[in-house]
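Asks:
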Amino acid sequence: MTVDMTTTVPVGANQTTTPTSKTAVDYQSFLKLLIAEMKNQDPTKPMDSTAYVAQLATFSQVEQSVQTNTKLDQIMQSSALSQADALIGRNITSADGKTTGTVASVTLGSNGLIAVLQDGTTVPVGAGVSIKPAS
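If you read the sequence shown in the numbering used here, its first letter stands for residue 1, the second for the next number, and so on.
#1: Is V123 helix, strand or coil when you go by DSSP?
#2: Determine which residues share a DSSP beta bridge with V53 and list them.
#3: Express the C-alpha separation of V129 and F59 in angstroms, rounding to a whole number.
#4: Below 9 Å between beta carbons: does that hold for I114 and A104?
#5: Keeping to the same chain, check which residues put their C-beta closer than 8 Å to that of M47; ignore five residues upstream and five downstream.
#6: Please work out which residues of its chain come closer than 6 Å, Cβ to Cβ, to G120, disregarding the five sequence neighbours upstream and downstream, and give them in chain order.
#7: Could you pull the DSSP bridge partners for I114 from this structure?
#8: Just to confirm the assignment, what range does the beta strand (DSSP E) spanning K132 have?
#9: Between which two residues does the beta strand (DSSP E) containing N91 stretch?
#10: Where A134 and F30 are concerned, what is the direct C-alpha to C-alpha distance, given to the nearest angstrom?
#11: Going by beta carbon distance, what residues of the same chain come within less than 7 Å of T23, once the five residues before and after it are set aside?
#12: CB-CB under 6 Å to T93, same chain, minus the five flanking residues each way: which ones, in chain order?
#13: Which residues share a DSSP beta bridge with G101?
This is the structure we're talking about:
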């Protein structure tokens, strides 16, 4: 069986302010699935219209959750960069106490902040790390 997936979408229905990944479902995809579901339903037992509204509401909630997570990630990165700025020029001691020095720069890696000391040694900033004002 062949299903025609052509549909008309209201203006602006699939426009977003942030780029989405290729795996993200947008309104265009949702509407295509909804049309296919409507075309292929049993005519003697049609789906109740409240079920369609519930599907749209669920889809909208998922989309809002994804957007919220994206914004939270941006806030966390901004916070980490603020913390990085505060570390430069301070003395740092690693959690194991073996590495000590003055922070020359800080990089933001996938696992958090990494302090680069003046001698080039790196110290991951995390639990147990001691930071003091420069002598």
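Even for Gly, the Cβ is constructed at its ideal location relative to N, Cα and C. It should be emphasised that the depicted structure is a prediction, and the values quoted were computed from it without experimental measurement.
Replies: This is what the structure holds:
#1: strand
#2: V53 pairs with nothing; no bridge assigned.
#3: 43 Å
#4: no
#5: E37, M38 and Q41
#6: In its own chain, leaving out the 5 sequence neighbours on each side, no residue places its CB closer than 6 Å to the CB of G120.
#7: Beta-bridge annotation (DSSP): I114 is paired with T107 and P124.
#8: S130 to K132
#9: Its beta strand (DSSP E) spans residues N91 to T93.
#10: 57 Å
#11: Bear in mind that the predicted position of T23 carries a pLDDT of just 48, short of 50, making it unreliable; the figure below should be weighed with that in mind. Excluding residues within five positions, none has a Cβ falling inside 7 Å.
#12: Once the five neighbours on either side are set aside, the close Cβ partners of T93 are T100 and S130.
#13: I92
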